[in-house]
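Below you'll find the structure, written out as structure tokens, and then a few comments.
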Amino acid sequence: MAQVSTVTSQAGAVISHDVAMRFLFVGDSMTIGRSGDFTWRYRMWQHLEATLGDGGYAITGPRTALYDTEANAPLSHAYGDASFPAPARRHLAGWGEGWLHMAPVVADAVASARADVLLVSLGLIDLGFYTDSTQTAANARAFITAARAANPRIRLVLLPVIPNIRAESDAPFAAECDRFNTLLAKAVADLDAPASPVLLASRPTGYDIHTDTYDGTHPGPTGEHKLAGAFADAMHQAWGVGGPYAGALATA
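Position one of the sequence shown corresponds to residue 0 (numbering that gives the first Met the number 0), numbered consecutively onward.
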């Protein structure tokens with residue numbers, strides 16, 4: 000599905016995963032999800048089960064809840080699939096949280112969760128409400144530095160800001176999104192290191208905000224598959240982790 004748009008110096012080198020790799024999902028409202036959502040985290044769990052198998056991975060993180068829109072707080076545990084295992088629901092994601100919020104807390108989360116791989120989808124909320132592209136990129140760099148302070152061998156896969164409804168009608172905002180994605184690619188190129196590789200995944204192939212989201216921003220079932228596929232294919236193509244994403248055409 001997704002092609003790797005920026006390949007680090009570690010591209011093509013298979014990363015050993017003889018022991019369970021510990022994955023930590025980091026993101027905003029598109030990652031935490033709301034009551035009733037499956038979430039792309041759920042789709043990634045299915046992919047990891049299929050490709051790394053029992054004992055080959057762990058999902059970790061300090062939070063497990065979905066966002067409850069009625070309570071305006073992350074209090075829901077009503078996932079689209081009630082059989083989604085509790086340990087696999089772990090994450091570090093928050094409704095309305097971005098690079099600005101995650102940079103100060105990621106070190107503690109990585110240390111306590113003993114995370115090996117961070118799968119990060121952030122930026123849209125920053126640009127929409129908090130910071131311009133320059134400051135958002137600076138916060139992304141601070142995030143990577145903080146994560147490495149907790150684990151010098153941490154591996155990161157970063158997703159650029161993907162299409163969204165505001166960018167369709169707000170040209171200056173769309174320009175800021177494009178500029179941030181350019182700055183994020185530069186940060187990945189600058190900060191990639193042999194001991195701690197950083198990978199920039201491509202935008203999900205064929206992502207259509209009119210069919211892959213329920214409101215122009217937040218992913219529905221097909222969007223969830225495409226987001227999970229972007230991360231899964233990036234890791235497989237660049238690092239030899241797991242396999243190609245096979246769930247992109249599945250239905251909820």
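All C-beta atoms, glycine included, are put in the ideal place defined by N, C-alpha and C.
As the structure is a computational prediction, the values presented were derived from the model and not from experiment.
Two segments are said to touch when three or more pairs of C-beta atoms, one from each, lie closer than 8 Å; by this definition the segment 108-123 touches the segment 160-177. With the rule of 3 Cβ pairs closer than 8 Å, the segment 105-115 does not count as touching the segment 78-85.
If you compare the alpha carbons of Gly32, Asp67, Trp94, His235 with that of glycine 219, the shortest gap goes to Gly32. In the DSSP assignment, phenylalanine 24 falls within the beta strand (DSSP E) that extends over 20-26. Taking a contact as a CB-CB distance under 8 Å, the pair alanine 227 and tryptophan 39 counts as one, their CB atoms being some 5 Å apart. The DSSP-derived three-state label of serine 75 is strand. Using a Cβ distance threshold of 8 Å, leucine 99 and asparagine 138 count as a contacting pair. Apart from sequence neighbours up to five positions away, the residues of its chain that approach glycine 60 with a beta-carbon distance below 7 Å are Leu23, Phe24, Arg89, His90, Leu91, Ala108, Ala112, ordered along the chain. Boundaries of the beta strand (DSSP E) harbouring aspartate 67: 65-67, taken from the DSSP string. In terms of CA proximity to arginine 152, Pro196 leads the group Met101, Pro196, Ala145. Histidine 217 carries a coil assignment under DSSP once its states are collapsed to helix, strand and coil. Taken through DSSP and simplified to helix, strand or coil, alanine 200 comes out as strand. In the DSSP assignment, the residues bridged to arginine 62 are His90. One alpha carbon belongs to histidine 235, the other to glycine 241, and they sit about 6 Å apart. Valine 104 carries a coil assignment under DSSP once its states are collapsed to helix, strand and coil.
By the CB criterion at 8 Å, valine 119 and glycine 26 fall inside the cutoff.
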